[in-house]
Amino acid sequence: MIKTVIIEDEKPASRKLERMLSNFPEIEVVTKIESVEEGVAWFSENEHPQLIFSDIVLGDGLSFDIFEKVPTKGFIIYTTAFDQYTLKAFKLNSIDYLLKPILEEDLAGAVEKFKSFIPANDVIGSQDIKQLIRKEKSTLSRVLVKIGYNLKIVQAQEISCFFSENKIVYLQTEDRTYPSDFTLDELEDLLDEKKFFRVNRQFIINSDYIKNIHTSPYYKVDLEFQPQEEITVSRDRVKDFKDWLVS
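Given below as structure tokens:
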């Protein structure tokens with residue numbers, strides 16, 4: 001049997017996932033966890049399961065906090081309504097990333113992927129995990145931002161650019177500027193490279209919002225919506241920038 005734990009703070013979602021997993025006779029759900037605090041306590045006191053299905057945003061924090069405090073040798077399949085945590089998820093033993101609502105075929109695919117990682121002798125070591133986990137690239141389609149005590153989902157297609165200022169990365173839309181939890185390096189890995197391009201150390205721009213491109217005395221981009229700062233293309237990026245524009 002494949003010992004499995006579900007980490008989910010919404011009881012209906014937890015029950016639904018458990019029902020879906022009941023269709024796999026080889027999977028045994030040993031416990032369900034609802035918070036970071038409960039997760040840290042359980043993983044500190046119990047034998048770790050082979051497989052973990054974990055929501056990311058919990059009532060008292062992110063489930064990443066559990067495994068940063070109590071490293072696990074189990075494989076993790078993250079389940080969440082937000083895809084902005086993909087990069088970090090694959091750094092923490094994740095083998096798959098399912099967006100809610102979870103489809104049966106996606107769940108079946110994730111379970112089969114897990115099975116493909118299990119050695120014939122059914123023994124997994126911590127070094128084995130590092131070698132087996134595939135760093136899959138996933139395209140960021142929406143970003144979760146915080147406005148006071150509220151959360152807002154911003155679609156990537158609504159974002160004209162991302163830019164850094166005073167060590168904080170912001171995103172620009174038609175209506176306003178929002179702070180984000182990303183670094184520009186992370187965004188380079190996650191954004192659709194056909195739409196977004198990093199023109200310099202400070203800016204990543206969306207081709208859909210380019211209004212004008214000046215070429216003299218240097219390459220400068222005007223966007224439909226942008227902060228007050230001038231957006232220039234670094235000299236060492238000009239060729240790549242021109243190739244990107246026609247790709």
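Terminal number for the sequence shown in the UniProt record's numbering: 247, no gaps in between. Note that beta-carbon positions come from the ideal geometry of N, C-alpha and C, so glycine has one too.
Looking at the secondary structure, which residues open and close the alpha helix (DSSP H) in which residue i lies?
i	result
Phe102	Reading off the sequence shown, one finds Ile at residue 102, where the question assumed Phe. No alpha helix (DSSP H) holds Ile102; DSSP gives it neither H nor E.
Leu184	Leu184 to Leu190
Ser44	Val36 to Glu45
Gln66	Note on residue identity: the sequence assigns Ile, not Gln, to residue 66. Run containing Ile66: Phe64 to Lys69, per the alpha helix (DSSP H) assignment.
Tell me the rounded alpha-carbon separation between residue i and residue j.
i	j	result
Phe197	Asn166	21 Å
Lys3	Val29	6 Å
Phe162	Leu184	8 Å
residue 315	Ala81	In the structure displayed, the chain extends from 1 to 247; residue 315 sits before or after that span and is not available.
Pro25	Tyr170	46 Å
Arg142	Arg201	22 Å
Looking at the secondary structure, which residues open and close the beta strand (DSSP E) in which residue i lies?
i	result
Glu28	Ile27 to Ile33
Ile7	Ile2 to Ile7
Report buried or exposed for residue i, applying the criterion of at least 16 other Cβ atoms within 10 angstroms of its Cβ.
i	result
Thr215	exposed
Ile168	exposed
Ser116	exposed
Asp222	exposed
Ile205	buried
Gln228	exposed
Ile231	buried
Excluding the 5 residues flanking residue i on each side, which residues of the same chain have their C-beta closer than 7 Å to its C-beta?
i	result
residue 309	Since the first residue of the chain shown is 1 and the last is 247, residue 309 is not available in this structure.
Gln226	Ser160, Cys161 and Gln172
His48	Thr72, Lys73 and Gly74
With a threshold of 8 Å on Cβ separation, who are the neighbours of residue i within its own chain once the five nearest residues in sequence on each side are excluded?
i	result
Asp236	none
Lys113	Ile95 and Asp96
Gly59	Asp9, Glu34 and Ser35
Please list, in chain order, all residues of the same chain as residue i whose beta carbon is under 6 Å from its beta carbon, the five residues on each side excluded.
i	result
Thr177	Tyr170
Exercise. Counting Cβ pairs, one atom from each stretch, are 3 or more of them under 8 Å apart for the segment 36-52 and the segment 63-74?
Worked result: Between the segment 36-52 and the segment 63-74 there are three or more C-beta pairs closer than 8 Å, enough to call the two in contact.
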